[in-house]
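So for the sequence shown, our numbering puts the first residue at 35; every next one is plus one. Using N, Cα and C, we set each Cβ at its ideal position, and we do this for glycine too.
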Amino acid sequence: MKSLTDLTFDNRFARLGDAFSTAVLPEPIAEPQLVLVSQAALALLDLPPTAAEAEEFTQLFAGHKLWATAEPRAMVYSGHQFGSYNPRLGDGRGLLLGEVLNAAGEYWDLHLKGAGQTPYSRSGDGRAVLRSSIREFLASEALFALGIPSSRALCVTASSTPVWRERQESAAMLLRLAPSHVRFGHFEYFYYTKQPEQLQTLAAHVLACHFADCSEQAEPYGAMFTQVVERNAELIAYWQAYGFCHGVMNSDNMSILGITFDFGPYAFLDDFDAQHICNHSDDAGRYSFSNQVPIAHWNLSALAQALTPLVEVEALRASLGLFLPLYQAHYLSLMRQRLGLLGTDDSDQALVERLLQLMQGSAVDYSQFFRRLGEQPAEIALASLRDDFVDLAGFDQWAADYCNRATNTADSQAERRARMHAVNPLYVLRNYLAQQAIEAAEQGDYAPVRELHAVLSRPFEEQPGMQRYAERPPQWGKHLEISCSS
Ligand code: AMP
Ligand code: MG
Numbered sequence: 035m036k037s038l039t040d041l042t043f044d045n046r047f048a049r050l051g052d053a054f055s056t057a058v059l060p061e062p063i064a065e066p067q068l069v070l071v072s073q074a075a076l077a078l079l080d081l082p083p084t085a086a087e088a089e090e091f092t093q094l095f096a097g098h099k100l101w102a103t104a105e106p107r108a109m110v111y112s113g114h115q116f117g118s119y120n121p122r123l124g125d126g127r128g129l130l131l132g133e134v135l136n137a138a139g140e141y142w143d144l145h146l147k148g149a150g151q152t153p154y155s156r157s158g159d160g161r162a163v164l165r166s167s168i169r170e171f172l173a174s175e176a177l178f179a180l181g182i183p184s185s186r187a188l189c190v191t192a193s194s195t196p197v198w199r200e201r202q203e204s205a206a207m208l209l210r211l212a213p214s215h216v217r218f219g220h221f222e223y224f225y226y227t228k229q230p231e232q233l234q235t236l237a238a239h240v241l242a243c244h245f246a247d248c249s250e251q252a253e254p255y256g257a258m259f260t261q262v263v264e265r266n267a268e269l270i271a272y273w274q275a276y277g278f279c280h281g282v283m284n285s286d287n288m289s290i291l292g293i294t295f296d297f298g299p300y301a302f303l304d305d306f307d308a309q310h311i312c313n314h315s316d317d318a319g320r321y322s323f324s325n326q327v328p329i330a331h332w333n334l335s336a337l338a339q340a341l342t343p344l345v346e347v348e349a350l351r352a353s354l355g356l357f358l359p360l361y362q363a364h365y366l367s368l369m370r371q372r373l374g375l376l377g378t379d380d381s382d383q384a385l386v387e388r389l390l391q392l393m394q395g396s397a398v399d400y401s402q403f404f405r406r407l408g409e410q411p412a413e414i415a416l417a418s419l420r421d422d423f424v425d426l427a428g429f430d431q432w433a434a435d436y437c438n439r440a441t442n443t444a445d446s447q448a449e450r451r452a453r454m455h456a457v458n459p460l461y462v463l464r465n466y467l468a469q470q471a472i473e474a475a476e477q478g479d480y481a482p483v484r485e486l487h488a489v490l491s492r493p494f495e496e497q498p499g500m501q502r503y504a505e506r507p508p509q510w511g512k513h514l515e516i517s518c519s520s
């Protein structure tokens, strides 16, 4: 185990130079208090659980202190926001503090979000508010616990520094970890500003650091793009299978590593609704739940365009063509698991589609459906789940077909339950749970948000005394309005 002060930094991105990022120091926030810390994330840096108890910990993650070998940089990127190209984005309120090399030989970017203004802040104040920092922390760690690729969160620090949004709020900082903070938008920036050498340098950097196995291929960058497509197909399959709605799938919020990245007004579905729009500012529903699949493909096309100086167009087209079939295969495989179906059958896809059609417009809680389906033998579980469906005849037909298909499997109910519960979470980060915990934290009471984080870190295990976190939302909790700016 390391101590906090002797983390080993090796700042590979900073060394790419000023065309890629600008040196900026964090602007501290006043009277910092540690709100949340993830023990699992500490371990990624070889830090012991006690590391967070040191006074220095909060100082470091509130911008008051800095490691001597950190090199804080604001990265430049651009991207397509809601379909329109924005030529200059970049880290407007976050800094890449540096890259930590752990004992396992892994690199982790330390990114401090809410660290003050940078050359890319445009008219923004460079700050993040407490509620959005908590929301990103909870989602990062909850997705990780579900087995869904995501950036990670080390800690959230609150402060007395005032910031203005729709009302006065207080500034906070979030320490985000990821193997890379390179986004699709990084490539777009160098492509659209006509800097082919820098584009090449960026691609070589990403290839060497994150796609080393592609280096030996005949067309390394083409192979890298294919892997980006594959990873995104898998990621979006997870989102769709687990009811995760990202909310702001702009190409600057898409990680080159295919991990969930940049959390804004995200949501996990409560009642199933394919058309759900979780971002209150998304009037046209561009980023609605079911649109996430074509939008991911659209974003990959935007990335492909930026790679045209490095890869033949035909090769890029061929890789893009892999997205949908790969997505469908991953998705179907995840849904089979969620439904407890062993093996494969040609009718499985239709079985899943029919279920979702029946759920649509009914009052079926998406997460609870799968958990309850595994809790009891299929016939008994279905009889009680039936009450939530509007089209009862349709449901009965589906239930009969499901039972037919499921009885191919020879395992006992105990085995079936264990198998299904291992992939169907009991506890999901519902918006209303986050909201309640945030309201307490805004009053200075961090116990609820810490408890919520603890519960969500073991989402598949029933935890004594935590039943309330497994409940369906109250009516008010289904219609919370969450938008981008925070
Ligand atoms: P986001 O919606 O968080 O993905 O941010 C989009 C762009 O706006 C990024 O370039 C951010 O760095 C920038 N941005 C968002 N909020 C602020 C803020 N409060 N101050 C400065 N820049 C911001
Ligand atoms: Mg962003």
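The beta carbons of Arg127 and Ala149 sit about 7 Å from each other, so the pair counts as a contact at 8 Å.
Three or more Cβ pairs drawn from the region 97-104 and the region 61-72 lie within less than 8 Å of each other, which places the two stretches in contact. Glu222 is positioned such that its CB atom lies closer than 8 Å to that of Gly113.
In this structure, the CA atom of Gln73 is about 34 Å from the CA atom of Ser324.
Judged by DSSP secondary structure, Asp430 falls within the alpha helix (DSSP H) whose first and last residues are 426-440. Taking the Cβ of Asn313 as the reference point, every heavy atom of the ligand MG lies at 7 Å or farther away.
Gln202 sits in a strand when the DSSP states are folded into three classes. The beta carbon of Asn287 sits closer than 7 Å to at least one heavy atom of the ligand AMP. Thr294 carries a strand assignment under DSSP once its states are collapsed to helix, strand and coil. Shortest gap from the CB of Asp296 to any heavy atom of the ligand MG: under 7 Å. Rounded to whole angstroms, the Cβ separation of Leu94 and Leu188 is 10 Å, and the two are not in contact under 8 Å. Around Cys248, the same chain offers Leu241, Pro254, Ala257, Met258, Gln261 as residues with beta carbons nearer than 7 Å, after the five sequence neighbours per side are excluded. Look at Val134: its beta carbon is at least 7 Å from all of the heavy atoms in the ligand AMP. Here Gly139 is exposed: its Cβ has fewer than 16 other Cβ atoms, across all protein chains shown, within 10 Å.
Selection Asn284, Phe302, Ile516, Ser396 evaluated against Gly117 yields Asn284 as nearest (Cα-Cα). With respect to the 8 Å criterion, Glu105 and Ala57 are classified as neighbours on the basis of their beta carbons. Annotation: Asp382 is outside any beta strand (DSSP E); the continuous alpha helix (DSSP H) that includes it extends over 382-393. Distances from the CA of Leu135 to each of Gly51, Ala488, Cys243, Arg370 were compared; the closest alpha carbon is that of Cys243. Taking Pro183 as the centre and dropping the five residues before and after it, the same chain places the C-beta of Leu177, Arg265, Glu268, Leu269, Tyr272, Leu291, Gly292, Ile293, Thr294 closer than 8 Å to its C-beta, in chain order. The Cβ atoms of Ala481 and Arg169 lie no closer than 8 Å to each other. Remark: the shortest separation between the CB of Leu129 and any heavy atom of the ligand AMP does not fall under 7 Å.
Sorting Gln391, Leu41, His513, Leu144 by C-alpha distance to the C-alpha of Leu208 places Leu144 at the top.
Residue state for Asn45 is assigned as coil, using DSSP reduced to three classes.
The region 497-517 makes contact with the region 443-462: 3 or more CB pairs, one atom from each, lie closer than 8 Å.
Secondary structure of Gln115 (DSSP, three-state): strand. Between Pro343 and Leu233, the gap from beta carbon to beta carbon is short of 8 Å. Residue Ser37 holds the alpha-carbon nearest to the alpha-carbon of Glu89 among Asp44, Ser37, Pro213, Leu131. For Glu175, the number of other beta carbons within 10 angstroms of its own is at least 16, and it is reported as buried. Under the DSSP assignment, Gln67 falls outside any alpha helix (DSSP H), being part of the beta strand (DSSP E) whose first and last residues are 67-71. For Trp142, the enclosing beta strand (DSSP E) begins and ends at 141-147.
Here Gly132 carries a strand assignment [DSSP, helix/strand/coil].
For Arg372, there is no enclosing beta strand (DSSP E); the enclosing alpha helix (DSSP H) covers residues 357-373.
At a cut-off of 7 Å, the beta-carbon of Tyr154 counts as near the ligand AMP: some heavy atom of the ligand is closer than that. Around the Cβ of Cys279, a 10 Å sphere holds 16 or more other Cβ atoms; the residue is buried. In this structure, Asp382 and Leu389 do not form a Cβ contact; the two beta carbons are roughly 11 Å apart against a cut-off of 8 Å.
Proximity of the region 397-412 to the region 318-338 falls short of the contact definition, fewer than three beta-carbon pairs being nearer than 8 Å.
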